[in-house]
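S.K.: Protein chains in written order, with the working numbering: chain R, 1 to 258; chain S, 1001 to 1269. Where is the CB? At the ideal position from N, CA and C, for every residue including glycine.
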Amino acid sequence: MTSHQGSNGGDRQPVFDLKAAGFTLPTIRLLDPDMRRVAAELGARVEKAPDFFRNTPIVIDLSALPEGGAGVEFPSLVGLLRGFGMIPFGVRGGGKSLQAAAEAMDLAILGEREMRGARPERPLELPDPTVQLAKLAPEPVAQEPNAAQGTNFTMITRPIRSGQRVYASAGDLCVIAPVSAGAELMAEGNIHVYGSLRGRALAGMRGNREARIFCQDLRAELVSIAGHYRVSENIPVELRGIPVQVFLDQKILRIEKL
Amino acid sequence: MARIIVITSGKGGVGKTTTAAAMAMGLAQRGHRTVVVDFDVGLRNLDLIMGCERRVVYDFVNVINQEANLNQALIRDKRCENLFVLPASQTRDKDALTKEGVGRVIEDLSSGYDFIVCDSPAGIEHGANMAMYYADDAVVVTNPEVSSVRDSDRMLGILSSKSRRAETQADPIREFLLLTRYDPERVAHGEMLSVEDVQEILALNLLGVVPESKAVLAASNAGVPVVLDRESDAGKAYGDMVARYLGEDVPHRFLHVEKKGFLSRIFRG
């Protein structure tokens, strides 16, 4: 869609703007440098809301660690955070030695300057993954209800009936119930269905080609990833009624047994 | 406070009115004060099935429009003193059913009855929506064929999104499946969906299976709710259904082809 309008040498449009911008970022404040405990606790939290942490930039706050106490194993901490899908990019607080160790790991040191004027900090609210869609698919389209909280995970535990549509914006949709023929699931992220999928499932609604559809019992009328679709007729019989994943491989929609 | 039950399906001709009449009569016979309300304005049938068509003076729409009071419109059944019928109007259309008007009538009935059975019209339009809007429980009447199952599924979606309980985020409507016109022989031959097939698609609590039976047509023509015909399969099945609805644990019958005994095989001719 984009043409190369700016490529003719005549225009002197600036290539970029340099500006200061403020962001609100999640921060992990270490209270104990013991990486094994951190790993266990973090694992439990992430498990509750994996999507919440996916590709989230995060700041490591060292200010609560005792001065001159045990060091922080930055390599394992960074590995741990990345392993859970987060993007650690800087530290704040902490003594000189800790900051030097962080710098060695290519972490930015955020000084007080960066934090001036910041709003008072508050504990990060995790989405409650058991939260049910209060009004399941008020026809015709259900917007996922957590949008206001800035999270993007929609969970549905009641059957989705013929004629109902569910749209999960900016995130994944998980259905732990059957999806009837004539029902329509749409998500900007992935779609997971633990129950028979008889209706339509469209993942990657805004062109996310990495999105996938996972289902336990494929009987769908149509599956689609980022606009590439297959109707029931073109789904091989041997893939019907079994657990599969649907994904895009070089513009080709593939359905694979799980 | 009455429990409000809607008998619905989406599809027409599956046995909603037969079921509404049978269920209301069954509940009343067990001693519960019951009123059955015909929401099929313009296609008034319930009074025929109940055998009270010649006693209709005022109807549901008259009450909604406050042209008559409830006691003038309600018809007491001659066979069971706990049972009342609120007939539909034949001369109006479904738009006469306003949400406020229906709500007021339901509320008035609620204080004097144990159960209000609402006989829904076919379709998913205004009339059907009004019938299910105030419901606490829904009996979804389904025939063992794919289009009926699909329509029931659609109706279940509407029940869970457009009812008062959905709009006020109260506990959802309790939904039950009633399979009617079931023919075990055709199921055995693979010509008809089985109970299991339908259950798999709709994933609902099975309230009963009513076999295909000549008794249903005969009862309808005679204006006698088929549940009163205790000799027939359909009458027994409806009796079981009411018992199950009231929480009794009754095993399902008529699911399989009856094994023909030696004598019946000889005398069948």
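(1) How is Ala44(R) classed by DSSP in three states: helix, strand or coil?
(2) Measuring only the C-alpha atoms, how far is Met1001(S) from Ser1110(S)?
(3) Would Gln164(R) pass as an interface residue toward chain S - the criterion being a Cβ-Cβ separation below 9 Å?
(4) Using the beta-carbon of each residue, which ones in chain S are nearer than 7 Å to Arg158(R)?
(5) Where Glu1191(S) and Pro1211(S) are concerned, what is the direct C-alpha to C-alpha distance, given to the nearest angstrom?
(6) Tell me whether Gly1026(S) is buried or exposed, calling it buried when 16 or more other Cβ atoms sit within 10 Å of its Cβ.
(7) Under 9 Å between C-beta atoms, does Asp1040(S) make it to chain R?
(8) Where Glu210(R) and Phe247(R) are concerned, what is the direct C-alpha to C-alpha distance, given to the nearest angstrom?
(9) Classify His1189(S) as buried or exposed, calling it buried when 16 or more other Cβ atoms lie within 10 Å of its own Cβ.
(10) Under 9 Å, Cβ to Cβ, is there at least one residue of chain R near Ile1064(S)?
(11) Check whether chain S comes within 9 Å of Ala181(R), counting only Cβ atoms and requiring the distance to be less than that.
(12) Looking at C-alpha atoms only, which residue of Arg1230(S), Ser1213(S), Leu1177(S), Gln1072(S) is the closest neighbour of Arg1244(S)?
(13) Keeping to the same chain, check which residues put their C-beta closer than 7 Å to that of Met1155(S); ignore five residues upstream and five downstream.
(14) What is the DSSP secondary structure of Ser224(R), reduced to helix, strand or coil?
(15) Counting C-beta neighbours from all protein chains within 10 Å, is the total for Asn1143(S) 16 or more, i.e. buried, or is it exposed?
(16) Select from the segment 66-91 of chain R all residues with a C-beta closer than 8 Å to any C-beta belonging to chain S, and list them in chain order.
(17) Report the three-state DSSP secondary structure of Pro33(R) (helix, strand or coil).
(18) At a Cβ cut of 7 Å, what residues of the segment 1203-1222 of chain S count as close to chain R, listed as they run along the chain?
(19) For a contact meaning CB atoms closer than 7 Å, what does Pro178(R) contact in chain S?
(20) Determine, using beta carbons only, whether Leu1086(S) and Leu1070(S) come nearer to each other than 9 Å.
(21) Would you list, in chain order, the members of the segment 192-214 of chain R that have their beta-carbon closer than 9 Å to a beta-carbon of chain S?
(22) Under three-state DSSP, which class holds Asn1205(S)?
(23) How is the alpha helix (DSSP H) around Gly1101(S) delimited, first residue to last?
(24) Measure the C-alpha to C-alpha separation of Val46(R) and Glu1248(S) and round it to an integer number of angstroms.
(25) Let's see if you can read the secondary structure: which residues bound the beta strand (DSSP E) around Met155(R)?
(26) Can you find at least 3 beta carbon pairs, one from the segment 1100-1110 of chain S and one from the segment 1060-1069 of chain S, that sit closer than 8 Å?
(27) On a Cα-Cα basis, can you pick out the residue from Leu1179(S), Asp1197(S), Phe1084(S) that is closest to Leu1206(S)?
(28) Between Gln1029(S) and Glu1081(S), what straight-line distance do the alpha-carbon atoms span, to the nearest angstrom?
(29) State the CB to CB distance for the pair Met1132(S) and Val1006(S), rounded to an integer number of angstroms; the pair is presumed to be in contact (CB under 8 Å).
(30) Straight-line CA distance for Ser1213(S) to Lys251(R)?
(31) Can you give me the Cβ contacts of Gly195(R) inside the same chain, cut-off strictly under 6 Å, excluding the 5 residues immediately before and after it?
(32) Output yes if chain R places a C-beta closer than 9 Å to the C-beta of Gly1269(S); else output no.
(33) Is there contact between the segment 202-220 of chain R and the segment 237-246 of chain R, where contact requires at least three CB pairs shorter than 8 Å?
(34) Of all the CB atoms in chain R, is at least one closer than 9 Å to the CB of Pro1172(S)?
(35) Since Lys96(R) is in the alpha helix (DSSP H), which residue starts that stretch and which ends it?
(36) By the three-class DSSP mapping on this structure, what secondary structure does Leu133(R) have?
M.R.: On the basis of the data shown:
(1) helix
(2) About 5 Å.
(3) yes
(4) Ser1160
(5) 15 Å
(6) buried
(7) no
(8) 7 Å
(9) exposed
(10) No, no contact with chain R.
(11) yes
(12) Leu1177(S)
(13) Thr1008, Ser1009, Gly1010, Ile1124, Val1140
(14) Here Ser224(R) sits in strand by DSSP.
(15) buried
(16) none
(17) Note: Pro33(R) maps to coil in three-state DSSP.
(18) The residues in question are Ala1203.
(19) Ala1203
(20) Yes.
(21) Gly195, Ser196, Arg198
(22) strand
(23) 1099-1112
(24) Computed Cα separation, rounded: 46 Å.
(25) 153-156
(26) yes
(27) Leu1179(S)
(28) 9 Å
(29) 4 Å
(30) 56 Å
(31) Ala177, Pro178
(32) Annotation note: pLDDT 44 at Gly1269(S) (below 50); position unreliable, coordinate value reported separately. No, because no Cβ of chain R sits closer than 9 Å to the Cβ of Gly1269(S).
(33) yes
(34) yes
(35) 96-104
(36) Its pLDDT being 36, under 50, Leu133(R) is placed unreliably by the model, and the measurement read from it follows with that caveat. Here Leu133(R) sits in coil by DSSP.
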